[in-house]
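Below: the structure, in structure tokens.
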Amino acid sequence: MMNYYTNFIKNFDMLPVEDVAGFFHDNAGQIDTLIQLYQAYNKHILQTQCKRIQALKQAITIITTDDEWSDMEGLELTYDQFIPDIAITAGFASGATDPLHTCNIQLIVPDGSSWSYYEKHLRERYPAQEPVTQGNSICLHIASIPGNETALILSNLEEVYSFLSGLTVNTFLHSLTSH
1 MMNYYTNFIK NFDMLPVEDV AGFFHDNAGQ IDTLIQLYQA YNKHILQTQC KRIQALKQAI
61 TIITTDDEWS DMEGLELTYD QFIPDIAITA GFASGATDPL HTCNIQLIVP DGSSWSYYEK
121 HLRERYPAQE PVTQGNSICL HIASIPGNET ALILSNLEEV YSFLSGLTVN TFLHSLTSH
């Protein structure tokens with residue numbers, strides 16, 4: 001059945017504009033229903049991911065005793081208080097039937113200057129991972145964890161946080177302000 005839908009979409013892309021216009025006109029009601037179903041599907045995914053991100057934020061804040069974690073409006077868990085600049089991010093990729101299929105943990109370094117500070121340590125710690133340049137930023141994928149493995153997600157986040165804290169000014173500053 002999925003092949004039928006996939007082929008339908010591929011073939012649809014190759015139709016002349018006149019044929020597409022006619023199809024839309026003749027099937028407007030069904031297309032509206034399909035759009036509503038798709039929007040409901042996406043809303044369900046986003047709400048489920050948002051709830052999990054908020055729960056992870058609460059837990060990692062307690063584990064690290066650092067309340068500077070943010071949830072980017074529920075879309076992504078982020079910690080970006082290190083000096084030089086580097087951010088820990090975690091977000092979910094959905095599967096066909098699971099909004100929380102995979103949790104991806106990454107490090108985002110905003111510029112080459114910060115990257116040069118961390119590069120040697122990151123390459124030693126994560127030798128199998130290749131950094132990817134995205135504009136001026138460098139992204140290092142740290143882990144892909146099954147989304148239902150909350151303890152494993154939290155332990156990976158804590159490990160990355162502790163590792164980076166040991167490399168940055170943040171360790172000293174945080175210890176002075178966390179009473």
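By this note's numbering, the letter at position 129 of the sequence shown is numbered 129, and the numbering carries on one by one without gaps.
We put the beta carbon where it would ideally sit given N, CA and C, even for glycine.
In the DSSP assignment, residue 157 falls within the unbroken alpha helix (DSSP H) covering 150 to 165. In this structure, residue 90 places its C-beta atom within 9 angstroms of the C-beta atom of residue 106. Per the Cβ contact rule, the region 78 to 98 is in contact with the region 40 to 56 (3 or more Cβ pairs under 8 angstroms).
Contact check for residue 145 and residue 102: beta-carbon distance about 7 angstroms, within the 8 angstroms limit, so the pair qualifies. The three-state secondary structure of residue 126, taken from DSSP, is coil.
For residue 102, the beta-bridge partners assigned by DSSP are 93 and 146. Within the same chain, no residue comes within 8 angstroms of residue 120 by CB-CB distance, once the 5 residues on both sides are set aside.
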